[in-house]
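Numbering (the working numbering), first residue to last: 106 to 462.
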């Protein structure tokens, strides 16, 4: 009995309250904007929105990473379904068989166009159920309000998700590595390629629910966590350098260059008088740099971690090549720094300790 209840119970964890609020508020605003624009474009001649747009808004704002929510799926899937439904109502007078034909044909059309979008099936059904036998809808319905409404929701989704820290449209696997070459990122060179990940998703029939990029990110996070556990229950505080060499925001470029040469660092934190971090200077930032610049001009924003952060978070930040070091911040103050060399030395020491005598 417990197995039955478990199978029928929730399959998702509790969403974070702030994420649920972000998605709900975004969906509401998106529908309002799309509705107002459509109403003005039609001069009030057609309803502001069609019902399936509610489900479209849910996907765009609540699960923007889903392949079903991407712009191509939303717009092309909705338009194709509307066109199929228009053909169905003209070809079959009876409503029930026309509805079945419209939805079934919409699924086939979306599959052929690689534009699977569940609310588009509702678009097809809506066309049949609301069709007036005396004035059957024409192909123009697929353009207005379907295409325009879908495009407006996508545009609102792009703006809202970017403003609230989400990526939409979700990025696809890059053809080039992070350094602009054809090599994959270091953490992916020994793992599965995007084509391999896609083949796994296809085999498990999950390609409509999960993208290859999402699967790759999940595997990378799992591998980083496994590596961190292999190294032991260490935190950033256990690994970081505490005697951090920094420069003040007004330090001139010649002094910064001299510090890089003296300490042979690849990065140099910029620290304000109150102990807070103003950014990180990379050695490559000094190439052809104007000598009149100061540290605050050369510093770039950087992701920081607290002392209690685990090694999995550190590995994820440093392994992708975007950061050569991670400043450790506590209470708004810079308290340490961890470089890529620190982690390599730690892993090398672990390997030596495990080698047989």
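Where is the CB? At the ideal position from N, CA and C, for every residue including glycine.
Here residue 316 is near residue 275, since their CB atoms are less than 9 Å apart.
DSSP places residue 444 inside the beta strand (DSSP E), whose first and last residues are 438 to 444.
Along the length of the region 124 to 168, whole beta strand (DSSP E) runs at least 3 residues long do not occur. Taking a C-beta distance under 9 Å as the contact criterion, residue 204 and residue 233 qualify as a contact pair.
The DSSP-derived three-state label of residue 449 is helix. Counting only the Cα atoms, residue 214 lies some 13 Å from residue 228. Here DSSP, grouped into helix, strand and coil, assigns residue 431 to strand.
In the three-state reduction of the DSSP assignment, residue 415 falls in the strand class. Each residue's CA atom was taken as its position, placing residue 255 and residue 180 some 5 Å apart. When the Cα atoms are used, residue 393 and residue 178 turn out to be separated by approximately 46 Å. Between residue 349 and residue 423, the C-beta gap is not smaller than 9 Å, which leaves the two residues out of contact. Where residue 385 is concerned, the enclosing beta strand (DSSP E) starts and stops at 382 to 387.
Within the same chain, Cβ atoms closer than 8 Å to the Cβ of residue 408 are found at 422, 428, 431, the five residues on either side in sequence being excluded.
Under the three-pair Cβ rule at 8 Å, the region 126 to 135 counts as touching the region 160 to 177. It is roughly 20 Å from the alpha-carbon of residue 413 to the alpha-carbon of residue 446. Counting along the chain, the unbroken beta strand (DSSP E) around residue 373 starts and ends at 372 to 376. With fewer than 16 neighbouring CB atoms inside 10 Å of its own CB, residue 119 falls in the exposed class.
Contact check for residue 364 against residue 385 fails: the beta carbons are separated by 9 Å or more.
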